[in-house]
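K.L.:
Have a look at this one before I ask anything.
Residue numbers (my numbering), protein chains in the order written: chain A, 452 to 715; chain B, 452 to 715; chain C, 452 to 715; chain D, 452 to 715.
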């Protein structure tokens, strides 16, 4: 059967493709947190791409699927994703490869007073970029919701203060040989940066504790991202840190956001 | 050109189709609130379908598009949607037709203290079901966010109370000849059922007012739907009233919901 | 600490709550297909609710979380979800309980010519409704995409035929004691009802096979749901079967849908 | 009332905020295409933000709402969005401001054979970035679906070829004083880059035409973005052009994407 992708020129000798590949791919993962050795099997969303030189018409899409299928059985850490990305470069004869895989990760939480245990979800993305020549990087992205209680509302009101869920996302781009922080360590830094952590299972005594704790720790959306940046920007080998928070305001139907970008 | 949909039998002489048609169709609307005479042009999401007898293989999809295109230019009220649905019955030789069209609707709000004006969005859906024989109905659905402050958190805590955005949806199915409530009248009933209304534009004096007002009016998610049902269930000609609220909890990452269904 | 939910009357002595509970809850599952004994750990989306009598103000939300946490560790089948729902009735002193849990499920597929293996995702929902008095039911819902090639386009065109992804969803509501079909058996019935199955990993010889196979098996969206209903409606103990297909049309920006409802 | 945002230092003297503001804001727009003079009222999604110096704790969120409310009544072009962004700089005493507003835009299409008229939607985003010192830019983003028929599938198969909807997005970042292309001119360039355009309303003779036309014009996802880049990259004043296409593959459940980035 003819190989159209390879046989023909692109017809566009001056236009290289920045990235071409597959996205929206649901495939299982055994995600490994190398810092703790814990692994969890889950559904994952994969995206893989390569740059394509100007003279080549098409990439070979099925090779991405083979790579994912091979990687899907064994535990896969952030360094594993980096190695997988680096292996795409010769496999697709590409000048640069990039990939990301996103999955839900669960951690045990204890309610602050009752000490009851439940499992809280966060969204983790392992990503990497690998050029044929030069330095590869890896990116750990963690999204976790927390509580934000408005300092302005508290200061000006005689009683109460509006508060809301805040979706906080941290993205740490690291040198290839850097040690990666444990998922829970990043989450702890995020939760300590907001008014309070969120819990799946709370009894009344816990609800009282969190209500009062949040009231005593008001933060603006700007405070959250700065607090988190301060806790995370000294991670060894970090090249770029992005922290974004989106407050689902409870006095408005729209959201408020803030973003910090730290480059080393 | 051969008409495959009409020419062939279905091959399934015992299986009628409950509904077949088009969905995910973006088409403009000039939405008319007949109770007030106000109209607004907007983008809209259309869904139209008909039942198909067991012996007929396919419907004629392009007729739905013609119907929407014809309706799109002039102001369209809930009664207009009902008439459009009734016209689909002979147009597609169908035993029953149904449709819905959803759009954003804006209303002017005044901040409670500063009296500053801004425009708040809600989501309105006009729907109807029309059988070839028997009574047609029309359905007005309005979704609007409001504020919910937790009575339990307030009662047990020494300071503060957790509160959050609550997405409230009211769906009123009415007799074909019933008078339809104005959109704003339904929204007022919803907002009065929650701890406070949400506003796009608030100055500090307004934020203080709403914070304290909500603190003084705590409601559970169950309270919201019952309060709204009480205000709305006496609408003339009402056949079924459904009220659902979803609280985007600010001490949990999950949501709490409640739903009331009243049939007359 | 005062129990506001239990202590107070509802203030609405005539308005019962149809369902109140938690939704949007991400919690892990070890999903078990009882028909085959296969289990898969995954992230899951949980929704649990109970009816609430008119005189009771609020339910006890934390009990839903306890129930999920307890169920989360061991393999959970559709019958397990039914048992869990039945246990909610006394646990929350409710007249009726309902729940659903949705997760990604992967199955091995072999490409039709190359016989290469890959894992394809479908979305499975286990659901149940359990009244305090009367018969409980359980519902197996499976959503899987397939290929639909238009019979009209093929018949009227000199070359080619438009074809597209079709999202097909089957929902089987069963008596409590009915045997549940294996997930793969339902999927096989769906895929045989469309123009072709979709595969994650295909080589050129497979692509040629599927292109020609789909061209030889054209189906309207109405055909898909009727074909699937015919294959599934004789499942033992079935009470209601709903099949819906949504074709992501490749000659339109909107979708076409069809739905069959069979009640026994 | 105390102004907490302004009164306090940030507590983080070394951490500036890259962007802080509002997002997820639904507000009406009268969108103006300055190249043609056509305007359309619609619902719009607004996002506005400013950078915040390290020593300032919080921005003044309500000023974004005032700016949107003032802009909402009159026709707003891309140059109007640029002027609005530039006005945010002094209004919020910010080192840089950025904003975007996204809306559905409808254009008349004529079916290729029947010449029947219908209205097709695309998604347009007007954006701008304005620094206190230096050059501002404006960005026109247009997303429109088209048809992609696979050249490989056609070449290797004896009959038929798989084809699918492709979501194509073009983003043109322009110098502040550059002339902006008409929306329809960009869309025409996109549609000419794919296998065929999509139409809301088609009769059988049109369906035949498009089926055959697409079969005669096969394109890979890489071809689409290169074809579009060639047609668009010579726009006057262009600084960066990004073209991305996502094919909703009809032989896979996942998507294929390609992206070109041209910088001048």
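The beta carbon of each residue, even a glycine, is placed where N, CA and C say it ideally should be.
Using a Cβ-Cβ cut-off of 8 angstroms, state whether residue 642/A counts as contacting chain C.
P.N.:
Taking the first chain and counting its residues from 1, the one referred to as residue 642/A is at position 191. It does not: the Cβ of residue 642/A has no partner Cβ on chain C nearer than 8 angstroms.
K.L.:
Take the Cβ of residue 464/D as the centre, count every other Cβ of all protein chains shown within 10 Å, and call the residue buried at 16 or more, exposed below.
P.N.:
Start at 1 with the first residue of the fourth chain, and residue 464/D comes out as number 13. Looking at its Cβ environment, which holds fewer than 16 other Cβ atoms inside 10 Å, residue 464/D is exposed.
K.L.:
Can you pull the DSSP bridge partners for residue 698/D?
P.N.:
Reading the fourth chain from its first residue, position 247 is the one you call residue 698/D. DSSP, once it has assigned bridges, lists 617/D and 707/D as partnering residue 698/D.
K.L.:
Hey, residue 657/D and residue 565/D: beta-carbon distance below 8 angstroms or not?
P.N.:
Here residue 657/D is taken as the residue at index 206 of the fourth chain, counted from 1. Here residue 565/D is taken as the residue at index 114 of the fourth chain, counted from 1. Cβ atoms of residue 657/D and residue 565/D: closer than 8 angstroms.
K.L.:
Among all the DSSP beta bridges, which residues are the ones paired with residue 559/C?
P.N.:
Counting from 1 along the third chain, the entry for residue 559/C is found at position 108. DSSP output for residue 559/C lists 570/C as bridge partner(s).
K.L.:
Note down the Cα distance separating residue 716/C from residue 641/C, rounded to an integer number of angstroms.
P.N.:
The structure shown does not extend to residue 716/C, since chain C spans only 452 to 715, so no value can be given for it.
K.L.:
Which residue marks the beginning of the beta strand (DSSP E) containing residue 466/C, and which one marks its end?
P.N.:
Sequence index remark: in the third chain, residue 466/C carries index 15 (1-based). That residue, residue 466/C, is in no beta strand (DSSP E); it is neither H nor E in DSSP.
K.L.:
Can you check whether the C-beta of residue 488/D is within less than 8 angstroms of a C-beta belonging to chain C?
P.N.:
Here residue 488/D refers to the residue found at position 37 when the fourth chain is read from its first residue. For residue 488/D, the answer is no, since every Cβ of chain C falls outside 8 angstroms of its Cβ.
K.L.:
Should residue 531/A and residue 483/A be called a contact, given that it needs their Cβ atoms to be closer than 8 angstroms?
P.N.:
Taking the first chain and counting its residues from 1, one reaches residue 531/A at position 80. Taking the first chain and counting its residues from 1, one reaches residue 483/A at position 32. The answer is yes: Cβ separation under 8 angstroms.
K.L.:
Since residue 500/B is in the beta strand (DSSP E), which residue starts that stretch and which ends it?
P.N.:
Within the second chain, numbered from 1, the residue matching residue 500/B stands at position 49. Residues 489-503.
K.L.:
Do residue 617/D and residue 597/D have their C-beta atoms closer together than 8 angstroms?
P.N.:
Here residue 617/D refers to the residue found at position 166 of the fourth chain. Here residue 597/D refers to the residue found at position 146 of the fourth chain. Contact: yes.
K.L.:
Quick one, are the C-beta atoms of residue 706/B and residue 473/C less than 8 angstroms apart?
P.N.:
Counting from 1 along the second chain, the entry for residue 706/B is found at position 255. Counting from 1 along the third chain, the entry for residue 473/C is found at position 22. Yes.
K.L.:
Going by DSSP in three states, residue 722/B sits in which element: helix, strand or coil?
P.N.:
Residue 722/B lies beyond the stretch modelled for chain B, which goes from 452 to 715, so this question has no answer here.
K.L.:
Listed from N- to C-terminal order along the chain, which residues in the stretch 586-602 of chain C have their beta-carbon within a distance smaller than 9 angstroms of any beta-carbon of chain A?
P.N.:
Answer set for the stretch 586-602 of chain C: empty.
K.L.:
Closer than 8 angstroms by beta-carbon distance: list the chain B residues that pair up with residue 527/D, in chain order.
P.N.:
Taking the fourth chain and counting its residues from 1, the one referred to as residue 527/D is at position 76. Here the premise fails: no neighbours, minimum Cβ distance about 14 angstroms.
K.L.:
Tell me whether residue 628/B counts as near the ligand SAM, meaning its Cβ is closer than 7 angstroms to at least one heavy atom of that ligand.
P.N.:
What this structure holds is no ligand at all, so the ligand SAM is not there to describe.
K.L.:
Closer than 8 angstroms, CB to CB, is residue 683/C near chain A or not?
P.N.:
For the purposes of this step, residue 683/C is identified with residue 232 of the third chain, where counting begins at 1. No, its Cβ sits nowhere closer than 8 angstroms to a Cβ of chain A.
K.L.:
Check whether the Cβ of residue 577/D lies closer than 8 angstroms to any Cβ atom in chain B.
P.N.:
Within the fourth chain, numbered from 1, the residue matching residue 577/D stands at position 126. Taking Cβ atoms only, chain B never reaches closer than 8 angstroms to residue 577/D, which makes this a no.
K.L.:
Just how far apart, CA to CA, sit residue 557/A and residue 588/B?
P.N.:
Mapped onto the first chain, residue 557/A falls at position 106. Mapped onto the second chain, residue 588/B falls at position 137. Approximately 47 angstroms between the Cα atoms of the pair.
K.L.:
Do residue 572/D and residue 623/D count as a contact pair if the criterion is CB distance below 8 angstroms?
P.N.:
By 1-based counting over the fourth chain, the position of residue 623/D is 172. By 1-based counting over the fourth chain, the position of residue 572/D is 121. No, Cβ-Cβ distance for residue 623/D and residue 572/D is not below 8 angstroms.
K.L.:
Compare the Cα-Cα distances from residue 493/C to each of 575/C, 487/C and 708/C and report the closest residue.
P.N.:
Your numbering for residue 493/C matches position 42 in the third chain. Taking only the C-alpha atoms, the option nearest residue 493/C is 575/C.
K.L.:
Assign residue 605/C to one of two classes, buried (16 or more other C-beta atoms within 10 Å of its C-beta) or exposed (fewer than that).
P.N.:
Within the third chain, residue 605/C is the residue found at index 154, counting from 1. Buried, by the Cβ-count rule.
K.L.:
For a contact defined as C-beta to C-beta under 7 angstroms, what are the partners of residue 479/D on chain B?
P.N.:
Here residue 479/D corresponds to residue number 28 of the fourth chain, with the count starting at 1. Ordered by position in chain B, the residues that pass the 7 angstroms Cβ test against residue 479/D are 557 and 570.
K.L.:
Checking contacts by CB at 8 angstroms: is residue 456/D closer than that to chain A?
P.N.:
The count along the fourth chain starts at 1 and reaches residue 456/D at position 5. Interface residue, yes.
K.L.:
Please identify the residue among 689/D, 675/D, 645/D and 498/D whose C-alpha is closest to the C-alpha of residue 627/D.
P.N.:
Walking along the fourth chain from the start, residue 627/D turns up at place 176. Among 689/D, 675/D, 645/D and 498/D, the Cα nearest to that of residue 627/D belongs to 689/D.
K.L.:
Report the rounded CA-to-CA distance for residue 664/C versus residue 646/C, giving the unit in angstroms.
P.N.:
Within the third chain, numbered from 1, the residue matching residue 664/C stands at position 213. Within the third chain, numbered from 1, the residue matching residue 646/C stands at position 195. Cα to Cα, the separation comes out at about 7 angstroms.
K.L.:
From the DSSP output, which residues share a beta bridge with residue 622/A?
P.N.:
Locating residue 622/A in the first chain gives position 171, where the first residue counts as 1. Note: residue 622/A sits in a beta bridge opposite 592/A and 693/A.
K.L.:
Can you check whether the C-beta of residue 710/D is within less than 8 angstroms of a C-beta belonging to chain B?
P.N.:
Sequence index remark: in the fourth chain, residue 710/D carries index 259 (1-based). It does not: the Cβ of residue 710/D has no partner Cβ on chain B nearer than 8 angstroms.
K.L.:
Counting Cβ pairs closer than 8 angstroms, one from the stretch 629-638 of chain C and one from the stretch 542-550 of chain C, do we hit at least three?
P.N.:
The stretch 629-638 of chain C vs the stretch 542-550 of chain C: no contact.
K.L.:
Taking 8 angstroms as the threshold (beta carbon to beta carbon), is residue 714/A in contact with chain D?
P.N.:
Numbered from 1 along the first chain, position 263 holds the residue referred to as residue 714/A. Taking Cβ atoms only, chain D never reaches closer than 8 angstroms to residue 714/A, which makes this a no.
K.L.:
Leaving out five residues on either side along the sequence, give the residues of the same chain with a beta carbon under 8 angstroms from the beta carbon of residue 526/A.
P.N.:
For the purposes of this step, residue 526/A is taken as residue 75 along the first chain, with counting starting at 1. Hits under 8 angstroms: 481, 482, 483 and 490.
K.L.:
When the Cα of residue 456/A is compared with those of 520/D, 673/D and 677/D, which residue comes out closest?
P.N.:
Within the first chain, numbered from 1, the residue matching residue 456/A stands at position 5. Selected option, being the one with the closest Cα: 673/D.
K.L.:
Could you please tell me which residues of the stretch 605-620 of chain C, in chain order, have their CB closer than 7 angstroms to any CB of chain D?
P.N.:
If the cut-off is 7 angstroms between Cβ atoms, the stretch 605-620 of chain C has 607, 608, 609, 610, 611, 612, 613, 614, 615 and 616 near chain D.
K.L.:
First and last residue of the alpha helix (DSSP H) that includes residue 603/C?
P.N.:
The residue labelled residue 603/C in the question sits at position 152 within the third chain. Per DSSP, residue 603/C belongs to the alpha helix (DSSP H) from 602-607.
K.L.:
Helix, strand or coil, according to DSSP, for residue 455/A in the structure here?
P.N.:
For the purposes of this step, residue 455/A is taken as the residue at position 4 of the first chain. Looking at residue 455/A - three-state DSSP - the assignment turns out to be helix.
K.L.:
Which residues of the stretch 643-660 of chain C have a Cβ closer than 8 angstroms to any Cβ of chain A? Give them in chain order.
P.N.:
Cβ contacts with chain A: 651, 652, 653, 654, 655, 656 and 659.
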